[in-house]
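Enquirer:
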Amino acid sequence: MRISDLDLIKSSLSAGLPEILTDHNKNYIDIRVEAGEGVGAYSENGSSKVTSRDWSFSLGVRVIDKSGIPAAGFYGRQLGGNDLKNFNKIAREMIEVAKARARANSLAKAGFKKKYGKFAESVMPVFLAPVKAVVDTVPAIYEKDPRKVTSKEMTELAKSVSAAALSFNSYIKRSDVVVSTGITRQIFFSSEGALIDQSWCSSGVTIFVLSQNNSGDKPVDLYHHTGNQLGLEALTKAKNSHHKTGEEFARQIAGEAVLLADAKPSPEINKPVTVVLDPDLIALFAHEIIGHPSELDRALKMETGYAGRSWLFSDLKNNMVGKQVGSSILTAFSDPTLTGGYGVYKYDDEGTPAKRVYHIKNGIYHDFMNSRQTAPTIGAQPNGHYKANNASAVPLIRMSVSAIAGGDTLPSKIISEVENGYYCVGHRIPSISESRENFQIAPRLIYEIKNGRMGQVFRDGRVTSDSKDFFMSIDALGNDFTVFPIPNCGKGQPMQAKQVGNGGPTARGRARIARGD
Amino acid sequence: MIELSKLKKVTKDGLKYVKSESGIIEALVYASVNHRTVGRIVYTTHLPCNGLEEPKSEEDCGIAVEIWFKKGNKKLVGFGHEPNEISLDGVKRALAKAKRDAVEDPDFNGFLKPDKNDHSIKETFNTNKLMDVDFQKEAELLAKLSWEVIEGSIDGLEQYAKQKNLSPKDLGFILNGDNFIIRERMALASTNWIEDSEESTVFLSFLTAMLEKRNAKGSAWGSRIAVDDGFSAYEIGKKAALAAVNAVGGKRIVGRKYKVVFGPQAVTELFGNLLLPNLNLGMMDFGASIFTAKYGQNVASPLLTVYDDATLPGGAGSKRITCEGCLTGKTKLIERGKLVGFLSDFRTTSKMLNKSKESAVKLGVDPHEIRHAINPRNGFRFSEGGGRVAAAGVGIHATNLVIESHRPMTEGEILSKVGDGIYIGRLWYTYPVGGISSGIISGTAIADNYVIRNGKLAEPILPNTLRIEDNIGEMIKRIIGIGNNQVPTILWASDEITHAPWVAMDGVNFVEINKGE
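Each protein sequence line maps, in turn, to chains A and B.
So that you can map any letter, position 465 of the first sequence is 475 in this note's numbering, and since no number is skipped, the others follow by simple counting.
So that you can map any letter, position 157 of the second sequence is 363 in this note's numbering, and since no number is skipped, the others follow by simple counting.
So, in structure tokens, the structure goes:
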């Protein structure tokens, strides 16, 4: 199976579109077909563990049935190479299953409406806001085509990156590395006439290290990821946000782990103190406490049980739209066209053209990421943020590239103006509150700042605050805006771990520091 | 779904074919089919909604071939996978990939070699009542169950609404969650005398209910091995709504150290999400476990016993064999506070045994002396949010995680023991924010929380106003009571079912958050 095999499906579906998608009930139907080719390798302490070169092929069908009250049904499957030649038959069968689900849902919805009176007033027909049915082809961008990367090449790359971290210093006791490069192609068809053929690459490296000093103090476990929506040049030619090759990136993380192995635990600072956050860390803030609560499905309570709600939206009357949520220098957005990390695309998974959505402009909250189904609820236009991990999964409203806009101050000046505070570098696992109204995010390194100069480094501390208090306190933004890749943003049931991008500049605000022991 | 007999035949025939290849030292052929069906429930009374968002499913099937073979003077290990193809041709293609991508892993010395007598046990722990439901019936079942959940929740609310003279819109009611059916079949055959198969089903239901305008939240959940196994969708919906009603009138409390009773969901978060990774032999090997070098030592309160038991009759996580072909069993992890075992797979156990000097430092004892404690009973290919997936490599996963005490207490006795303190029913996004090895954790208390006064549950605590900031390694030493009321409990994206009782701890640190609300 190759992604070029989708040419057959594309032409077959184009020709057979009326036959496959026409439904006597005039139900809405869309089909996503996705294929990928890639190779990944895992190394432990410079030795090979596993390498795998493989392909994937998946199909997903959504039907909106009008038998009762319009309602949706979905069916997704992983396919095999032999399914290529039977594709139209399989697509037809899957449409029938999705139709059966949508029809059962639609009829049950109508029954519920009839039975539950006032308690059923909020239950509405599924309606998709109109978007122009586009016919377009979007090629992948790469220098080193993932399809031409051999298993041996990836095995050696993983080994050399792992060895680079392990050999950095005798404090490094363990270095595990995962490298991957791949290309994906997706074709989106709808009964409205859309036919979109998009491809993209993704190449990345994740490094896990364990360090311990010679006194046998508590070890330090760190991990980090870099990559880009490019070919393998993302790792071999340092074409990533960290501007480092895989080996150089491994040495950076190993260096941090070595530094922390001798560091003291972070002190507890119970009252808000000045914190300067580097772009790598602020990018996670943009993701966790601006991007996530700006997903309209959260705002509309569709994720209350799992991913959570949004502190920016209580209901249609009570929400933060048009209100101040941050200092006047804070502007934040999600933009699927912004390159440098992951999460870049031209159309989302229901064919809506991607565009920049401003969440916050000069401290005032503006708009949410949405889908065709959710946009009309708040009177918005679809803005192209409905995405799935692969065609077999139902799309959800997902971040593309969510970022805090850059400022014009030199980062060195932002630090030098601080009399007493902390400079926080990079990030580890965060813990965010349910509506994203409060956070505790761990930097990898916390340096003391005294009289504008950097002092000692601390380990295991966390920056913590209520989100609005932190946004309101931002008083400086650097001119070093950078986009970073995040490899595993989780949402949905079953969980979909998705690659997205996040960005920001050096930023200064006030937050509490949680104790590092 | 593809019949189990077909999986068995292809693994048997496939192994015969693989064995005929020259240079093969050992080999394993694995085939699986998984079907995940979800009814996503989004019902709100103050915002437009769909009730049942969509009935949906994802499916996968495939073959994996793992080989250990001689090539020149090297011994190589390879993994190959062929999706959506259960045939000898699929085995041949997977074999070709395994040979092409094979690497020299210095730690690998073969696949599981069980005692031949082990495979006389044929008892199965599951029913297959859900296994062969056709698509039409499945669509109707999922729609019926999901709308029944909503109906139950409304009936649960009705009395409160009448009492307070509130319209549905004024209630601001949210019901979110899902009904989730996982059906899985697998078969494997290896050169080491293993030829086995298994099929299982599990039905999970997880709901969050909220009276948003009163900031009151509650949850309800259930896990069963069949829908008719005492399961009532209506009752779960009602229970969730009543839990939200009971939480009305929540008050803030100050942040400080408390005596705490953790309810089943919170216990699952603490023990499943946070403690369990430290009891994984892979984490011991990496060196980041909080239990590094502590085998045989007292690491927790003597009241605490923790084990994994895949043979629990009726347990939703029960499995008869692992995905490596090992018979499952009960693996004791912590017994009366003492560290007595780890979850493991065959590769990790063999590696630890082969590197016994290095492993002795990591474990605190020569692994050869504790073979019983590192039995490879937990090698599974859990992936994609549910199912035993051929495309996934074997990892170490729990099945039925059981928390208990040799001196179990009734709920009344636990509350009396605490006297004055708090009950925390549900924690959210609780992660090892200071890195695994530090033991530092943080998360927020989001639902089902109450003040305990004079040994009785008193007024509810406002959700999302307390953040736990503590250390999991220290918290388990401060356990003062464990209930006799184990409840099978699931967490978002977790593999295992945690059989969680109430657990009381002393001196748990909470910080007050979200004060600007």
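For every residue, glycine included, the Cβ atom is placed at its ideal position computed from N, Cα and C.
Could you check the C-alpha separation between Trp321/A and Trp634/B for me, to the nearest Å?
Expert: The alpha-carbon atoms of Trp321/A and Trp634/B are separated by roughly 16 Å.
Enquirer: Compute the Euclidean distance between the alpha carbons of Lys158/A and Thr191/A, then round it to the nearest angstrom.
Expert: If I take the Cα positions, the gap works out to 10 Å.
Enquirer: Does the separation of the CB atoms of Cys351/B and Leu363/B fall below 8 Å?
Expert: The displayed chain sequence assigns Leu, not Cys, to residue 351/B. The answer is no: Cβ separation not under 8 Å.
Enquirer: Just checking my contact of Ser381/A with Ile407/A at CB under 8 Å: how many whole Å lie between their CB atoms?
Expert: Their Cβ separation, rounded to whole angstroms, is 5 Å, which keeps Ser381/A and Ile407/A in contact under 8 Å.
Enquirer: Chain A beta carbons: is any one of them nearer than 8 Å to that of Leu448/B?
Expert: It does not; no Cβ of chain A falls within 8 Å.
Enquirer: Just list the alpha helix (DSSP H) runs in the stretch 393–464 of chain B, keeping only unbroken ones of 4 residues or longer that don't cross its boundaries, in chain order.
Expert: As far as the stretch 393–464 of chain B is concerned, its whole alpha helix (DSSP H) runs of at least 4 residues are 439–452.
Enquirer: Measure the alpha-carbon distance for Leu269/A versus Glu272/B and round it to whole angstroms.
Expert: Cα-Cα distance, rounded: 40 Å.
Enquirer: Please go through the same chain and pick out, in chain order, the residues whose beta-carbon is closer than 6 Å to the beta-carbon of Arg113/A, but skip the five residues on each side of it.
Expert: Result list for Arg113/A: Asp75, Ser77, in chain order.
Enquirer: Note down, in chain order, all residues in the stretch 633–666 of chain B with a beta-carbon under 7 Å from any beta-carbon belonging to chain A.
Expert: Per Cβ criterion, the list reads Trp634, Tyr635, Thr636, Tyr637, Pro638, Val639, Gly640, Gly641, Ile642, Ser643, Ser644, Ile646, Ser648, Gly649, Thr650, Ile652.
Enquirer: Taking 7 Å as the limit between beta carbons, can you name the residues of its chain near Leu480/B, skipping five residues before and five after?
Expert: Excluding positions up to five away in sequence, the list reads Thr636, Pro638, Ile647, Ile678.
Enquirer: Quick check: is the beta carbon of Pro504/A nearer than 8 Å to any beta carbon in chain B?
Expert: Yes, Pro504/A counts as interfacial toward chain B.
Enquirer: Within 8 Å of any Cβ in chain A, is that where the Cβ of Arg391/B sits?
Expert: False, the Cβ-Cβ gap to chain A never drops below 8 Å.
Enquirer: How many angstroms separate the CA atom of Phe491/A from the CA atom of Asp418/A?
Expert: Their backbone Cα atoms lie some 10 Å apart in a straight line.
Enquirer: Note the first and the last residue of the continuous alpha helix (DSSP H) segment covering Tyr457/A.
Expert: Unbroken run through Tyr457/A is the beta strand (DSSP E), 455–460; no alpha helix (DSSP H).
Enquirer: Give me the subset of the stretch 108–122 of chain A whose CB atoms are less than 8 Å from a CB atom of chain B, sorted by chain position.
Expert: Listed by position along the chain: Ala110, Arg111, Ala112, Arg113, Ala114, Asn115, Leu117, Ala118, Lys119, Gly121, Phe122.
Enquirer: Could you tell me the distance, in whole angstroms, from the CA atom of Ile442/B to the CA atom of Leu417/B?
Expert: Cα to Cα, Ile442/B sits roughly 17 Å from Leu417/B.
Enquirer: What does the alpha-carbon distance come out to for the pair Asp676/B and Val714/B?
Expert: The straight-line gap from Cα to Cα measures roughly 7 Å.
Enquirer: Checking contacts by CB at 8 Å: is Gly713/B closer than that to chain A?
Expert: False, the Cβ-Cβ gap to chain A never drops below 8 Å.
Enquirer: I think Thr341/A touches Lys371/A, with their Cβ atoms under 8 Å apart; what is that distance to the nearest whole Å?
Expert: 5 Å between Cβ atoms; contact.
Enquirer: What does Thr650/B pair with, by DSSP beta-bridge criteria?
Expert: Looking at the DSSP assignment, Thr650/B forms a beta bridge with Trp634/B, Arg673/B.
Enquirer: For Thr554/B versus Glu702/B, is the C-beta spacing smaller than 8 Å?
Expert: For Thr554/B and Glu702/B, no; Cβs fall outside 8 Å.
Enquirer: Rounding to the nearest angstrom, what Cα-Cα distance links Leu539/B and Lys59/A in this structure?
Expert: Their Cα atoms are separated by approximately 27 Å.
Enquirer: On the DSSP letters alone, give me the boundaries of the beta strand (DSSP E) that Lys276/B sits inside.
Expert: From DSSP, the beta strand (DSSP E) with Lys276/B extends over 257–277.
Enquirer: Note the first and the last residue of the continuous beta strand (DSSP E) segment covering Pro515/A.
Expert: Neither: Pro515/A is in no beta strand (DSSP E) and is coded neither H nor E.
Enquirer: How should Gly332/A be labelled, buried or exposed, when 16 other C-beta atoms within 10 angstroms of its C-beta is the threshold for buried?
Expert: Exposed, because fewer than 16 other Cβ atoms sit within 10 Å of the Cβ of Gly332/A.
Enquirer: Would you tell me roughly how many angstroms separate the C-alpha atoms of Ile414/A and Thr160/A, rounded to the nearest one?
Expert: Approximately 38 Å between the Cα atoms of the pair.
Enquirer: Quickly, what does DSSP pair Asn780/B with across the bridge? List them, please.
Expert: As shown, chain B starts at 207 and ends at 723. That puts residue 780/B outside it, with no answer to give.
Enquirer: Under a three-way DSSP split, which group does Met330/A fall into?
Expert: Met330/A falls in the coil class under three-state DSSP.
Enquirer: Specify, as a first and last residue, the run of the alpha helix (DSSP H) that Ser483/A falls within.
Expert: That run of the alpha helix (DSSP H) goes 477–483.
Enquirer: Could you pull out every residue in the same chain whose Cβ sits closer than 7 Å to the Cβ of Arg454/A, ignoring the five residues on either side in sequence?
Expert: Here the set comprises Leu232, Glu266, Val435, Gly436, His437, Arg438.
Enquirer: Closer than 8 Å, CB to CB, is Glu530/B near chain C or not?
Expert: In the structure shown, chain C cannot be found, because the protein chains are A and B.
Enquirer: With contact counted as at least three CB pairs below 8 Å, one residue from each stretch, are the stretch 458–469 of chain A and the stretch 479–490 of chain A in contact?
Expert: No, the stretch 458–469 of chain A does not touch the stretch 479–490 of chain A.
Enquirer: Under 6 Å Cβ to Cβ from Lys500/B, same chain only, skipping five residues before and after it: list those, please.
Expert: Once the five neighbours on either side are set aside, the close Cβ partners of Lys500/B are Leu545, Gly570.
Enquirer: For Ala426/B, which residues of its own chain have a beta-carbon under 7 Å away from its beta-carbon, when the five flanking residues on both sides are left out?
Expert: So the list reads Leu413, Ile442, Lys445, Ala446, Ala449, once near-sequence residues are dropped.
Enquirer: Note down, in chain order, every chain B residue with its Cβ under 8 Å from the Cβ of Lys228/A.
Expert: Per Cβ cutoff of 8 Å: Ser643, Ser644.
Enquirer: Once you ignore the five residues that flank Lys525/B on each side, which residues in its own chain have a CB closer than 6 Å to its CB?
Expert: So the list reads Ala516, Thr534, Thr605, once near-sequence residues are dropped.
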